[in-house]
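Take any residue in the sequence shown, note its place counting from 1, add 1085, and you have its number in the numbering used here.
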Amino acid sequence: MAKHKSKQPPKMWTAAGLCAALLLASVYPAQAAGEAEHGHAETGQGEQAEKEQEKIALTPEQIAVAGIKSEVAAPAALATSAQFPGEIKFNADRTAHVVPRMAGVVQSVSADLGQQVKKGELLAVLSSSALSELRSEWLAAAKRRDLAAQTHRRELRLWQEKVSAEQDYQAARTALQEAEIAVQNAEQKLRTVGAEPRSKDLGSLEIRAPFDGVVVEKHIALGEALPDNASIFTLSDLRTVWAEFVIAPKDLQDVRVGEAASVSSAAFAGKAEGTVSYIGSLLGQQTRTATARVTLENPDMAWRPGLFVSVDVVTRMSDAAVTVAADAVQTIDNQPAVFVEAPGGFVVQPVKLGKASNDRVEVLSGLAPGTRYAVENTFVLKSELGKAGAEHAH
């Protein structure tokens, strides 16, 4: 059975709450005076008075001033969830280790740790002798292509004028095609290392961001000699992150890919909704658990990698015939109860509770479907009920 703690009235009353208290206080003086005159009444009369104190007489105006709102007890689908400790991790599908792809010496560094960068933005510049050789190769190929193109145009004109043989024209055309292929090959070599063919400095290698993201690691310094496979930057797109958690074998049958999940943290009041996007097929050799994750949208960058979180995964859904808002339940005489609408006010209705899910709770007995009950500012009703009980005690 779900447990609901009694909600204590706040110490500081709002203006509306204070007005409500003053208005509600007018309900009881006559009743208190009457009880003082009959302090030694019969036991039956005392029991009747005790029953009547469970009702709080209010006018529609008093209800409006107190901000008490009602709704109907209705059936609902309740979710049963399992909770797992987890941690926010980088989205590995949107995280890249940037390498220069050619050895060189660092000439300048434009990006700093924690900086937000755009796709194609310059991160650093290296001076590479190997790149200089590739660009020289491309320039030579481009020059040979230009010469071959001139020869081809001349031979074409001479052949059309029937001055030279067709064989000479065909040889010139073949030479031009081969020269163009050589240029394309040289360009492809440069594209492979992320370099543009044309540059004022033949050895200048520009390192640019592969996508929008944040520089989360930086391992580069001015004047440093770097190999071609050095991880100089780690770039991550933090607009999506992973909430990673582990599942024990006994819980694997209850958690499935595609199930709704809620992620929260004790560090702040925020909560994010998502779905289970991955469950590992293998169990860890040491932990004997499966790794799972929830992919979260992170537009405000609030979910930072390394943050410890709690992951609530919906394991099953069940229908409840009668449910009420969890905030509507108060503890009266050590048992859960709700305030039900009655002619001229509200009455206390004890209830037996069942499953709870988010902001709804199942009512097993004590309340019929369609019953109207107080759902907001019920602490005002409980406070007035306590005042009535104190007056009856005298």
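Beta carbons are placed, not taken as given, at the ideal position from N, Cα and C, and that holds for glycine.
Please classify residue i as buried or exposed, where buried requires at least 16 other C-beta atoms within 10 Å of its C-beta.
i     : result
V1342 : exposed
N1419 : exposed
Q1415 : buried
I1266 : exposed
E1344 : buried
A1306 : exposed
E1469 : buried
F1353 : exposed
V1436 : buried
A1151 : buried
K1467 : buried
A1177 : exposed
G1288 : buried
P1421 : buried
A1346 : buried
V1465 : buried
A1271 : buried
F1169 : buried
F1393 : exposed
List the endpoints of the continuous alpha helix (DSSP H) containing residue i.
i     : result
E1426 : Looking at the DSSP string, E1426 is not in any alpha helix (DSSP H); the run it does join, the beta strand (DSSP E), is 1420 to 1427.
E1222 : 1214 to 1245
K1154 : That residue, K1154, is in no alpha helix (DSSP H); its beta strand (DSSP E) goes 1154 to 1157.
P1145 : 1145 to 1151
Can you give me the Cβ contacts of residue i inside the same chain, cut-off strictly under 6 Å, excluding the 5 residues immediately before and after it?
i     : result
A1357 : V1348, L1381
L1243 : S1249
T1236 : A1257
A1181 : P1295, L1320
Q1201 : V1299
R1457 : S1155, V1157, E1426
A1406 : P1160
N1314 : V1184
P1312 : A1188
Relative to the C-alpha of residue i, which residue among the options is closest?
i     : options                    : result
R1401 : T1374, D1339, L1438        : D1339
S1213 : E1263, A1256, E1309, E1240 : E1309
G1199 : G1298, V1407, G1205        : G1298
D1397 : E1146, S1166, L1438        : S1166
A1333 : L1466, F1175, T1372, N1383 : T1372
A1188 : E1240, V1210, S1195        : V1210
E1461 : A1441, L1449, L1452, E1426 : E1426
R1186 : L1287, F1353, S1395, L1275 : L1275
K1285 : W1327, S1217, V1446        : S1217
L1224 : T1374, V1190, A1264, K1203 : A1264
I1153 : V1423, A1441, D1444, S1350 : V1423
V1190 : A1215, Y1254, A1260, I1148 : A1215
K1205 : R1229, E1281, L1163        : The question names Lys, but residue 1205 in the sequence shown is Gly. Minimum Cα distance to G1205 is reached at E1281.
D1231 : V1268, L1392, T1325        : V1268
D1385 : S1362, V1326, A1149        : V1326
R1324 : R1389, S1362, F1169        : R1389
L1290 : F1393, L1207, Q1147        : L1207
I1292 : Y1254, L1438, V1448, Q1192 : Q1192
I1364 : S1442, Q1245, V1331        : V1331
V1361 : G1355, Q1370, G1369, L1337 : L1337
R1220 : L1241, R1283, I1148        : R1283
Looking at the secondary structure, which residues open and close the beta strand (DSSP E) in which residue i lies?
i     : result
E1447 : 1445 to 1450
K1203 : Unbroken run through K1203: none, as it is neither H nor E.
L1438 : 1437 to 1442
I1332 : 1325 to 1332
A1453 : Premise fails: A1453 is in no beta strand (DSSP E) and is neither H nor E.
V1522 : Outside the modelled stretch of the chain, which goes from 1086 to 1479, sits residue 1522, for which no answer is possible.
L1320 : 1318 to 1321
Q1415 : 1415 to 1417
D1404 : 1393 to 1410
I1305 : Counting along the chain, I1305 falls outside any beta strand (DSSP E), and DSSP gives it neither H nor E.
V1348 : 1345 to 1350
A1181 : 1180 to 1183
A1142 : 1140 to 1142
Residues in the same chain with beta-carbon distance under 8 Å from residue i, minus the five sequence neighbours each way, listed in chain order, please.
i     : result
S1316 : H1182, V1183, V1184, E1302, H1304
D1412 : K1092, D1444, V1460, E1461, T1463
R1239 : A1257
D1322 : N1176, R1179, T1180, F1296, D1297, G1298, V1299
L1367 : A1375
L1139 : One detail in the question is off: residue 1139 reads as Glu in this sequence, not Leu. Excluding positions up to five away in sequence, the list reads V1432, V1433, L1470.
S1395 : Q1168, F1169, P1170, G1171, V1348, S1349, S1350, A1351
Can you check whether the C-beta of residue i is within less than 9 Å of a C-beta belonging to chain B?
i     : result
L1368 : Given the protein chain composition of this structure (a single chain), no chain B is represented.
Within a Cβ cutoff of 7 Å, which residues of the same chain sit near residue i, ignoring the five residues on either side of it in sequence?
i     : result
E1329 : G1171, E1172, K1174, T1376, R1378
G1471 : none
P1454 : A1158, A1159, P1160, A1406, V1407
Is any heavy atom in the ligand ADP found nearer than 8 Å to the beta carbon of residue i?
i     : result
L1392 : In the structure on display, the ligand ADP does not appear, and there are no ligands present to speak of.
- Any beta strand (DSSP E) of 3 or more consecutive residues that is wholly inside the segment 1360 to 1390: Within the segment 1360 to 1390, the complete beta strand (DSSP E) runs of at least 3 residues are 1375 to 1382.
- Message: Please give me, in chain order, every unbroken run of the beta strand (DSSP E) with length at least 3 that falls completely inside the segment 1245 to 1300.
- Response: Qualifying beta strand (DSSP E) stretches, in chain order: 1289 to 1293.
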